[in-house]
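A.B. asks: One structure, as structure tokens, below. Some questions next.
Residue numbers (UniProt numbering): 1 to 509.
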């Protein structure tokens with residue numbers, strides 16, 4: 001199974017797993033959607049946030065851990081459920097803040113999103129705060145993360161499957177009524193599902209900008225967070241101060257092309273992993289990278305009928321083994337852990353690979369899943385025109401396998417394409433080249449061997465938005481504030497005073 005477009009929270013979690021296993025005022029109130037009363041949104045833009053301890057906002061094991069970060073505080077932002085009817089029902093957005101550590105030189109807020117869709121910006125900001133405590137991002141900005149509507153601490157939360165049902169899904173069960181369960185189990189039902197897309201998230205983001213007291217938005221978006229960033233620029237071009245977009249989701253690519261492109265990216269990363277692995281003794285895939293796919297398939301195919309034992313009593317399924325490898329492709333830092341897991345599988349122990357798969361799904365050690373999975377499908381299904389022809393879906397599935405042979409036998413796209421085919425509400429967006437004339441030039445960061453989002457997507461977005469491209473020459477998904485001094489210095493300089501890197505700037509690992 002492939003679910004991409006995640007980044008910072010995902011990378012931080014992967015690194016932790018590897019270690020354990022091996023001055024501004026509010027701007028004018030814009031009107032983001034036609035409403036009968038031009039002042040209908042005033043009550044949202046004029047609200048005051050009530051900051052308090054973050055513990056009550058935790059909804060899963062990962063957020064409970066992240067919200068223990070010293071100095072973080074949380075609040076709820078009220079927004080319309082449906083921007084076309086702002087006087088009707090409202091919902092809340094979870095927000096986390098870590099105040100600037102050098103308040104005398106504070107610039108404003110730096111709002112971030114880690115990717116997904118479905119990723120928690122609150123968790124990501126809490127985890128990032130200690131990392132940036134000694135640089136301009138932490139010293140001169142209030143670091144702010146928000147959980148997009150329907151996700152994490154935001155209310156209501158999108159809910160489709162129970163923890164038990166997700167475990168069964170991973171073990172090979174097919175949830176044919178997934179979309180029906182989402183509509184039945186999510187508060188406000190189809191009305192909520194119809195208004196969880198990026199179209200609505202960017203409107204929430206502008207209300208957040210104003211309520212934080214920022215005349216213009218400074219924003220850091222990773223992976224799917226880049227989509228929120230460039231859609232915000234299109235919707236509110238006059239409200240942009242700075243955009244750092246790292247690991248660009250191609251705005252022109254719909255389904256099934258985006259899934260096939262992801263398959264190509266993961267396959268390339270798998271080849272790089274095999275080449276690096278073969279240089280060392282104890283490579284689970286052998287000394288010949290050309291045979292790595294065949295060796296891997298020979299190792300995992302038996303799991304289809306005989307899942308492997310694990311330390312916690314669960315079994316490693318074939319699909320989870322495939323997912324574990326996908327998880328390992330996000331960053332080279334995960335490769336040693338992946339190799340260790342594959343070697344252990346040879347002796348019948350699936351424990352390490354299961355932990356990798358659990359990390360991908362955000363399943364805690366208590367067996368509880370975050371809202372990531374449910375929210376992912378809910379957002380993707382309204383953000384893209386859907387495919388309903390079974391023949392087209394079958395062809396897309398085969399093209400994905402052709403692009404990434406190591407996935408053969410798994411279900412790389414069954415969930416998304418099949419689920420979205422029967423989604424109960426229409427899509428609200430479609431692929432297109434973004435246009436935001438007059439915006440402050442954004443900084444686009446793109447990695448040459450990114451396994452998830454293609455390098456050329458960043459190149460094209462920089463051109464479309466009149467931005468500047470910074471190239472990171474590495475095999476990982478996103479690079480800013482991940483420890484590369486070259487990338488970090490350039491990105492921080494841009495955020496502080498708009499200094500852009502020289503043309504064609506490249507950074508190496």
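We put the CB at the ideal spot given by N, CA and C, even for glycine.
Nothing here was measured: the structure is a model prediction, and the numbers come from that model.
Looking at C-alpha atoms only, which residue of 401, 373, 471 and 444 is the closest neighbour of residue 117?
C.D. replies: It is 373.
A.B. asks: Could you check how far apart the C-beta atoms of residue 66 and residue 149 are, in whole angstroms? I think they sit under 8 Å.
C.D. replies: About 20 Å; that fails the 8 Å criterion.
A.B. asks: Kindly give me the distance between the Cβ atoms of residue 351 and residue 310, rounded to whole angstroms, as I take these residues to be in contact under 8 Å.
C.D. replies: With 8 Å as the limit, residue 351 and residue 310 qualify as a contact, their Cβ atoms being about 4 Å apart.
A.B. asks: To the nearest angstrom, report how far apart residue 107 and residue 99 are at their CA atoms.
C.D. replies: Roughly 11 Å separates the two Cα atoms.
A.B. asks: Assuming residue 480 and residue 246 make a contact with CB atoms under 8 Å, what is their CB distance in whole Å?
C.D. replies: That pair is a contact at about 5 Å.
A.B. asks: Rounding to the nearest angstrom, what Cα-Cα distance links residue 498 and residue 454 in this structure?
C.D. replies: Roughly 26 Å between the two C-alpha positions.
A.B. asks: Hey, quick one: how far does the beta strand (DSSP E) through residue 329 stretch, first residue to last?
C.D. replies: No beta strand (DSSP E) holds residue 329; DSSP gives it neither H nor E.
A.B. asks: Curious, which full-length beta strand (DSSP E) runs of at least 3 residues does the region 193-279 contain?
C.D. replies: Fully enclosed beta strand (DSSP E) runs of 3 or longer: 217-222 and 240-246.
A.B. asks: Might you give, ordered along the chain, the residues of its own chain that have their beta carbon closer than 6 Å to the beta carbon of residue 69, omitting 5 neighbours on each side?
C.D. replies: So the qualifying residues of the chain are 126 and 129.
A.B. asks: For residue 260, which residues from the same chain have a beta carbon less than 8 Å from its beta carbon, with the 5 sequence-adjacent residues on both sides left out?
C.D. replies: Around residue 260: 396, 399, 400 and 403.
A.B. asks: Of the choices 338, 226, 502 and 490, whose alpha-carbon is the least far from that of residue 465?
C.D. replies: Answer by Cα proximity: 226.
A.B. asks: Please name the residue in 392, 335 and 171 whose C-alpha comes closest to that of residue 304.
C.D. replies: Taking only the C-alpha atoms, the option nearest residue 304 is 171.
A.B. asks: Where does residue 346 fall in DSSP's three states?
C.D. replies: The answer is helix: DSSP assigns residue 346 an H, G or I state.
A.B. asks: What is the DSSP secondary structure of residue 170, reduced to helix, strand or coil?
C.D. replies: Residue 170 falls in the helix class under three-state DSSP.
A.B. asks: Strictly under 7 Å for the Cβ-Cβ distance: is residue 428 near chain B by that measure?
C.D. replies: Of the protein chains in the structure, only one exists, and it is not chain B.
A.B. asks: The alpha helix (DSSP H) that contains residue 383, what's its start and end?
C.D. replies: Element bounds for residue 383: 372-383.
A.B. asks: For residue 39, is the classification buried or exposed, using 16 other Cβ atoms within 10 angstroms of its Cβ as the cut-off for buried?
C.D. replies: Exposed is the call here.
A.B. asks: When the Cα of residue 333 is compared with those of 92, 120 and 509, which residue comes out closest?
C.D. replies: Among 92, 120 and 509, the Cα nearest to that of residue 333 is on 509.
A.B. asks: Would you say residue 231 and residue 196 are within 7 Å of each other, going by their C-beta atoms?
C.D. replies: Contact flag unset, no.
A.B. asks: For the alpha helix (DSSP H) containing residue 479, name the first residue and the last one.
C.D. replies: Unbroken run through residue 479: none, as it is neither H nor E.
A.B. asks: Going by the CB atoms, is the gap between residue 198 and residue 151 shorter than 7 Å?
C.D. replies: No, the Cβ-Cβ distance between residue 151 and residue 198 is not below 7 Å.
A.B. asks: So, at 6 Å on beta carbons, what are the nonlocal neighbours of residue 293 in its own chain, with the 5 sequence-adjacent residues on each side left out?
C.D. replies: Closer than 6 Å at the Cβ level, and outside the excluded window around residue 293, lie 405 and 406.
A.B. asks: Note down the Cα distance separating residue 339 from residue 306, rounded to an integer number of angstroms.
C.D. replies: For residue 339 and residue 306, the distance between alpha carbons rounds to 21 Å.
A.B. asks: Write down every uninterrupted run of the beta strand (DSSP E) in the region 129-187 whose length is 3 residues or greater and which is fully enclosed by it, in chain order.
C.D. replies: DSSP runs (the beta strand (DSSP E)) wholly in the region 129-187: 141-146.
A.B. asks: Residue 238: buried (16+ other C-beta within 10 angstroms of its C-beta) or exposed?
C.D. replies: Classification of residue 238: exposed, given that the 10 Å Cβ count is below 16.
A.B. asks: Can you give me the C-alpha to C-alpha distance between residue 136 and residue 436, rounded to a whole angstrom?
C.D. replies: Whole-angstrom Cα-Cα distance: 27 Å.
A.B. asks: By the three-class DSSP mapping on this structure, what secondary structure does residue 50 have?
C.D. replies: The answer is coil: DSSP assigns residue 50 none of H, G, I, E or B.
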